[in-house]
Amino acid sequence: MSREIGEVILDLKNVSLAFGGVKALTDISFDVREHEIRAIIGPNGAGKSSMLNVINGVYRPQQGEIVLRGRRFARMNPYKAAQAGISRTFQNIALFKGMSVIDNIMTGRNLKIRTNLLLQALWWGPARREELAHRAKVEEVIDFLEIQHIRKTPVGRLPYGLQKRVDLGRALAMEPSILLLDEPMAGMNVEEKQDMCRFILDVNDQFGTTIVLIEHDMGVVMDISDRVVVLDYGKKIGDGDPDAVRSNPEVVSAYLGAGH
Amino acid sequence: MGFFVETLIGGLMAGMLYSLVALGFVLIFKASGVFNFAQGAMVLFAALAMARFAVWIPGWLGIDNALLGNILAFLAAGGLMFAVAWVIERLVLRHLVNQEGATLLMATLGIAYILEGLGTSIFGSDIYKIDIGMPKDPVMILEGTFEGGLLINKEDFVAALIAAVLVGLLTLFFQKTSTGRALRAVADDHQAAQSIGIPLNRIWVIVWCVAGVVALVAGVIWGSKLGVQFSLATVALRALPVVILGGLTSVPGAILGGLIIGVGEKLSEVYLGPHIGGGIEIWFSYQLALVFLLFRPQGLFGEKIIDRV
Numbered sequence: 683m684s685r686e687i688g689e690v691i692l693d694l695k696n697v698s699l700a701f702g703g704v705k706a707l708t709d710i711s712f713d714v715r716e717h718e719i720r721a722i723i724g725p726n727g728a729g730k731s732s733m734l735n736v737i738n739g740v741y742r743p744q745q746g747e748i749v750l751r752g753r754r755f756a757r758m759n760p761y762k763a764a765q766a767g768i769s770r771t772f773q774n775i776a777l778f779k780g781m782s783v784i785d786n787i788m789t790g791r792n793l794k795i796r797t798n799l800l801l802q803a804l805w806w807g808p809a810r811r812e813e814l815a816h817r818a819k820v821e822e823v824i825d826f827l828e829i830q831h832i833r834k835t836p837v838g839r840l841p842y843g844l845q846k847r848v849d850l851g852r853a854l855a856m857e858p859s860i861l862l863l864d865e866p867m868a869g870m871n872v873e874e875k876q877d878m879c880r881f882i883l884d885v886n887d888q889f890g891t892t893i894v895l896i897e898h899d900m901g902v903v904m905d906i907s908d909r910v911v912v913l914d915y916g917k918k919i920g921d922g923d924p925d926a927v928r929s930n931p932e933v934v935s936a937y938l939g940a941g942h
Numbered sequence: 007m008g009f010f011v012e013t014l015i016g017g018l019m020a021g022m023l024y025s026l027v028a029l030g031f032v033l034i035f036k037a038s039g040v041f042n043f044a045q046g047a048m049v050l051f052a053a054l055a056m057a058r059f060a061v062w063i064p065g066w067l068g069i070d071n072a073l074l075g076n077i078l079a080f081l082a083a084g085g086l087m088f089a090v091a092w093v094i095e096r097l098v099l100r101h102l103v104n105q106e107g108a109t110l111l112m113a114t115l116g117i118a119y120i121l122e123g124l125g126t127s128i129f130g131s132d133i134y135k136i137d138i139g140m141p142k143d144p145v146m147i148l149e150g151t152f153e154g155g156l157l158i159n160k161e162d163f164v165a166a167l168i169a170a171v172l173v174g175l176l177t178l179f180f181q182k183t184s185t186g187r188a189l190r191a192v193a194d195d196h197q198a199a200q201s202i203g204i205p206l207n208r209i210w211v212i213v214w215c216v217a218g219v220v221a222l223v224a225g226v227i228w229g230s231k232l233g234v235q236f237s238l239a240t241v242a243l244r245a246l247p248v249v250i251l252g253g254l255t256s257v258p259g260a261i262l263g264g265l266i267i268g269v270g271e272k273l274s275e276v277y278l279g280p281h282i283g284g285g286i287e288i289w290f291s292y293q294l295a296l297v298f299l300l301f302r303p304q305g306l307f308g309e310k311i312i313d314r315v
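Which chain is which? The protein sequence lines are D and B, in order. Position in the first sequence (first residue = 1) + 682 = this note's numbering. Position in the second sequence (first residue = 1) + 6 = this note's numbering.
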């Protein structure tokens, strides 16, 4: 692969998150290096999605901090995260169902739009030119994901696998430096999984995007990740390259149950 | 035949105004999931502001020209509605993100009372008239086609035209601009919209501003027809059946719903009225809404409500 793994760009320090008395995450620290594919794995209810939600500010941890390119965020929120170049996909696809594929992906360009409301309302020169430029960018994303044939279809009508792809497209349209993927392959058949794997690797390879992903399919995770964090009951029980994690006895017992 | 067409046209014109008020409901419901009970109060508040500014501003600036005075008053009232939208977002909505629909509904009920109270204490509680130079005289058209021609109220015609233009512009704004797209995105899924960097708070202010302008236009038209008085706030109640009919989430639904209700009211009054004792206009639309609630609760164009169990 042509990409080079670089410095740490995202550093999570001693993050703890609780909902009332339920501890979702306890004192978790790990880092993400530039251009790498970093997986978060763990059994159901281990706190994986909570972890992702902390990174893009949907949840605010009671303790700990997020350091993004040297900038400290004690209180992240989704808007700030998006501005800082973090985009994400959702476990239960959160697309705008009534809108077409193009419009959904176009919303991903929102932060990059510079002309103001008045110009847009008048559909005036600069606003119009800008709209066309963004549209061209969106077409690139559509080509990349091979979804030309469904460009104008309302996403609510698409099959699940394609919706997941559009969800990825919307996140890519933001030209993120860090992409968070929450179970990008859940509920897919083998063929769809292979396609999705290929897209993830291509994004990482061609655009150099750093990827943090949650995935249940161990085969996939071990194949495509550079490093893996393992969570269980909200605690970190393993961290390292796929081989190290695979042979970690604590990880094995978390997955297979005690007594193994 | 001529009489039937006349009634039909009268209904369509009244319906256009219902559509305008209903549109205010739909815009806010789509963008924030709030059923805005304050829409009627906003219509009243905007109309009061317009009526008083049209007197005050020429007085302060010493302007004689009625048209210029009206334009300035309209701009000032529009500015005031923007301020109202901003304050509502700041003081109320921002603190109620992710709350139950019923909580937000009660909050808008509170906003309605505050706006009504504030409106009457700033602008007074007399009956005012708004005179924007609408032509008042009726006109005969199509005398060749129908025997005796069709009698059309010019004022209604101009009002319907204004409403139609506004609806058209709003539709373009929603469909063609990036802000419009962001508005639709927020309406669809708050969380996803935030995660791609759409600022929820700003969007809400914009939506309430748009709803404020719609309320202002509706207020000015109704006000110039009937005078500005407290009962204007209840005009919104007549738009309720419209949104039930058209679906709470559909802009075309609001428009078509308004037209159906307008026509239905007039036709039933004229043709059914004599047989069952008249006064149908007042309750007809609510009956229609009730039928819809029984058989098609999502309305003509609303999204079907499917819940995962």
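We put the CB at the ideal spot given by N, CA and C, even for glycine.
With respect to the 8 Å criterion, D/G746 and D/H717 are not classified as neighbours on the basis of their beta carbons. The beta carbon of B/G39 is closer than 7 Å to those of G107 in its chain, skipping five residues each way along the sequence. For D/M781 and D/P836, the gap between their C-alpha atoms comes out near 5 Å. Under the DSSP assignment, D/L883 falls in the alpha helix (DSSP H) whose first and last residues are 872-889. Note: D/S698 is bridge-paired with D/Q745 in the DSSP secondary-structure output. Rounded to whole angstroms, the separation of the alpha carbons of B/P247 and B/L294 is 7 Å.
The Cβ atoms of B/A28 and B/A193 lie no closer than 8 Å to each other.
Taking C-beta separations shorter than 7 Å and ignoring five residues to either side along the sequence, the partners of D/I784 in its chain run V820, R833, K834, following chain order. The region 46-65 of chain B and the region 209-227 of chain B touch, with three or more beta-carbon pairs separated by less than 8 Å. Between the beta-carbon of B/V269 and that of B/L81 there is about 34 Å, and that puts the pair past the 8 Å contact cut. Contact annotation: D/N738 and D/I768 have beta-carbon atoms nearer than 8 Å. Considering only beta carbons, the part of the region 188-200 of chain B lying closer than 7 Å to chain D consists of A188, R190, A191, D194, D195, Q197, A198, Q200, in chain order. The C-beta of D/D864 has 16 or more other C-beta atoms within 10 Å across all chains shown, which makes the residue buried. Short of 8 Å from the beta carbon of B/I63, and not among the five residues preceding or following it, lie these beta carbons of its own chain, in chain order: I69, G75, L78, A79, A82. In the DSSP assignment, B/S127 forms no beta bridge with any residue.
Listed by position along chain B, the residues whose Cβ is nearer than 9 Å to that of D/M781 are R187, R190, A191, D194. Going by beta carbons, D/L895 and D/A721 fall inside the 8 Å limit.
Residues of chain B whose Cβ lies closer than 9 Å to the Cβ of D/G790 are, in chain order, I202, G203. Here D/M867 carries a coil assignment [DSSP, helix/strand/coil].
The beta carbons of B/G125 and B/L243 sit about 17 Å from each other, so the pair does not count as a contact at 8 Å. Across the set D/I919, D/E932, D/V934, D/M867, the C-alpha of D/M867 shows the shortest separation from the C-alpha of D/I906. Under the Cβ criterion of 8 Å, D/V740 is counted among the residues facing chain B. Going by beta carbons, B/M22 and B/L265 fall inside the 8 Å limit. Under the three-state reduction of DSSP output, B/M146 falls in the strand class. Taking a Cβ-Cβ cut-off of 9 Å, the neighbours of B/S184 in chain D comprise M788, T789, R791, N792, I795, T797, Q802, A809, E812, E813, H816, given in sequence order.
B/E95 places its beta carbon less than 8 Å from that of B/N207. A distance of 8 Å or more separates the beta carbons of D/F712 and D/L734.
A buried status is given to B/K36, since no fewer than 16 other beta-carbon atoms sit within 10 Å of its beta-carbon. Residue contact with chain B for D/S731: absent (no Cβ-Cβ distance below 8 Å to any residue of chain B).
Taking D/L827 as the centre and dropping the five residues before and after it, the same chain places the C-beta of R847, L850, G851, F881 closer than 7 Å to its C-beta, in chain order. Distance from the CA of D/V749 to the CA of D/L793, rounded to the nearest whole angstrom, comes to 22 Å. Shown here, D/A776 sits in coil according to DSSP, grouped into three states, outside any helix or strand.
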